[in-house]
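Structure first, then comments.
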Amino acid sequence: MKYTDTYIKLADFGRELLQKKSLSEGLPHIAKYAKDVILARRCSIYIYNSENDELWTTLADGISKIKLNANKGIVGQTIRTQKPIIVNNAYAHPNFSSAVDKETGYKTNNIITTPIFNSKREIIGVLQLLNKDEGFDEDDVKFMIFFAHYVSGFLELITKYKITKSKNNEKL
Amino acid sequence: MQSEDMYSKLADFGRELLEKKSFGEGLPHIVSYAKEVMGADRCSVYIYEEENDKLWTTHSDGVKKIIVPSGKGVVGYTLRVRKPVIVNDPYSDVNFLPDVDKKTGYKTQNMISAPIFDSNREIIGVLQLLNKAKGDFDNDDKRFIIFFAHYISGFLELVAKRKA
């Protein structure tokens with residue numbers, strides 16, 4: 001299994017992540033780590049808002065936000081099927097939306113996504129990686145499932161106790 | 173507690189937990205934190221081994237193992253229903269095993285337990301707390317234990333993967 005050595009370093013990554021005080025600090029950290037470990041060129045973590053069925057993510061600087069309609073593209077399909085997806089020929093896939101490529105000028109060749117669940121098994125986000133030279137495979141899927149779960153504790157913690165602090169009627 | 177403080181406390185706890193390299197080191201740390209944060213007198217984390225359908229836990233020293241048959245008691249019931257279970261009157265609950273109290277001399281007044289799932293939604297353990305200091309276990313406790321079981325599951329799965 002090609003990810004065996006990775007598990008040893010994941011504790012350090014997790015400790016660093018738990019030092020971040022907000023999503024905009026944490027998301028670039030997760031994205032960078034996932035990219036380096038899975039050997040993909042790009043990574044985005046989309047945070048899902050079920051109230052308005054919207055996804056948002058931050059650019060690499062952690063500041064600018066991009067919003068996305070949750071029923072579009074491969075990320076949208078991930079939310080509907082609640083399962084990881086590999087697309088190794090993006091432009092041939094019926095659900096692939098080339099709008100982002102057109103806007104950014106970056107060409108997507110292959111994609112892997114996985115849903116991120118909270119403790120109640122609700123989707124709170126989608127982890128997406130783009131462009132691995134040799135394409136994505138089943139080992140990558142297995143690792144992504146583990147990794148999405150591993151970071152979900154941080155994401156739920158920060159959503160539960162930081163963002164919703166204004167409606168502070170929940171005990172604890 | 174203010175949620176900002178709660179965030180810092182849980183983040184600090186999570187970072188400390190990730191310093192631990194094994195179940196033997198990690199479980200006592202989880203137990204002492206869970207007891208404090210939930211205001212309960214006792215806590216056990218049971219690790220579930222699917223291959224031989226057994227649950228085990230450690231003494232508070234983290235060394236000695238205690239093996240529990242997975243079909244018995246409220247913990248066994250939690251494994252089967254895959255949901256948190258509150259028992260506020262154990263001696264009238266069909267699943268409760270009074271044998272352990274008899275053996276240890278400790279009287280269980282109320283308990284809450286929750287399954288711990290891994291990333292593939294398989295049960296890897298059960299978290300159990302006994303004897304809440306103030307009143308019975310309630311829905312707020314249930315909400316928190318679901319969150320907390322998930323929060324520690326990343327560490328538990330990581331330890332299991334490293335051993336494999």
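As you go down the protein sequences, you meet chains G and C in turn.
Residue numbers for the first sequence follow my numbering, so the first one is 1 and each next one is one higher.
Residue numbers for the second sequence follow my numbering, so the first one is 173 and each next one is one higher.
A virtual CB, placed ideally from N, CA and C, is assigned to each residue, including glycine.
Bear in mind the structure is a predicted one, so any value in this text is a computation, not a measurement.
> What does TYR220(C) reach in chain G if we use C-beta pairs closer than 8 Å?
Replying inline: At a C-beta separation below 8 Å, TYR220(C) has no neighbours in chain G, since its nearest C-beta there lies roughly 17 Å away.
>> Is MET178(C) close to chain G? Criterion is C-beta to C-beta, closer than 9 Å.
In response: It does: the Cβ of MET178(C) has a partner Cβ on chain G nearer than 9 Å.
> Using a beta-carbon distance below 9 Å, is ARG214(C) in contact with chain G?
Replying inline: For ARG214(C), no Cβ of chain G is located within less than 9 Å of the residue's own Cβ.
>> In this structure, how does DSSP classify ALA70(G) when only helix, strand and coil are distinguished?
In response: Coil.
>> Can you confirm whether SER175(C), when its beta carbon is compared against all beta carbons of chain G, has any partner nearer than 9 Å?
In response: So, interface residue.
>> Mapping the DSSP letters down to three states, classify GLU221(C) as helix, strand or coil.
In response: In this structure, GLU221(C) counts as strand in the three-state DSSP scheme.
>> For a test of the three-state rule: what should DSSP assign to SER98(G), helix, strand or coil?
In response: DSSP places SER98(G) in coil when its eight states are reduced to three.
>> Quick check on LYS65(G): does DSSP put it in helix, strand or coil?
In response: If DSSP states are grouped into helix, strand and coil, LYS65(G) belongs with the strands.
> Identify the residues that DSSP records as bridge partners of GLU202(G): which are they?
Replying inline: No answer is possible for residue 202(G): it lies beyond the span of chain G, which begins at 1 and ends at 172.
>> Is PHE319(C) close to chain G? Criterion is C-beta to C-beta, closer than 9 Å.
In response: True, the Cβ-Cβ gap to chain G drops below 9 Å.
> Within 10 angstroms of its Cβ, does PRO84(G) collect 16 or more other Cβ (buried), or is it exposed?
Replying inline: Buried is the call here.
> Considering only residues of the same chain and omitting the five flanking positions on each side of ILE79(G), which have a CB-CB separation below 7 Å?
Replying inline: Cβ neighbours of ILE79(G) beyond the five flanking positions: TYR48, ALA70, PRO115, ILE123, VAL126.
> How long is the line joining the alpha carbons of GLU221(C) and LEU227(C), rounded to whole angstroms?
Replying inline: Distance between the alpha carbons of GLU221(C) and LEU227(C) is about 6 Å.
>> Within 10 Å of its beta-carbon, does GLN77(G) have 16 or more other beta-carbons around it, so buried, or fewer, so exposed?
In response: GLN77(G) sits buried, since 16 or more C-beta atoms from the chains shown fall within 10 Å of its C-beta.
> How many Å lie between LYS9(G) and PHE185(C) at the Cα?
Replying inline: Approximately 19 Å, taken between the alpha carbons.
> Near GLY135(G), which residues of its chain fall below 6 Å by C-beta distance, leaving aside the five closest residues on each side in sequence?
Replying inline: Taking GLY135(G) as the centre and dropping the five residues before and after it, the same chain places the C-beta of ASN88, ASN110 closer than 6 Å to its C-beta, in chain order.
> Roughly how many angstroms lie between the CA atoms of TYR106(G) and PHE143(G), to the nearest whole one?
Replying inline: For TYR106(G) and PHE143(G), the gap between their C-alpha atoms comes out near 25 Å.
>> If I measure Cβ to Cβ from TYR33(G) and keep anything under 7 Å in the same chain, skipping five residues before and after, which residues do I get?
In response: Same-chain partners within the cutoff: PHE13.
>> Check whether chain C comes within 9 Å of ARG138(G), counting only Cβ atoms and requiring the distance to be less than that.
In response: Contrary to the premise, residue 138(G) reads as Glu rather than Arg in this sequence. Judged by the 9 Å Cβ criterion, GLU138(G) is not in contact with chain C.
> What residue range is occupied by the uninterrupted alpha helix (DSSP H) comprising SER291(C)?
Replying inline: Run containing SER291(C): none; DSSP gives neither H nor E here.
> What does TYR278(C) touch in chain G if you count any residue whose Cβ is under 9 Å from its own?
Replying inline: Ordered by position in chain G, no residue passes the 9 Å Cβ test against TYR278(C), which lies about 26 Å from the chain.
>> Between ALA212(C) and LEU301(C), how many whole angstroms is the CB-CB distance? I'm expecting something under 8 Å.
In response: About 4 Å separates the Cβ atoms of ALA212(C) and LEU301(C), confirming a contact at the 8 Å cut-off.
> What's the gap between the Cα of SER24(G) and the Cα of ILE86(G)?
Replying inline: Taking the straight line from one Cα to the other gives about 27 Å.
> What's the C-alpha gap between VAL203(C) and ARG254(C)?
Replying inline: Each residue's Cα considered, the two are about 21 Å apart.
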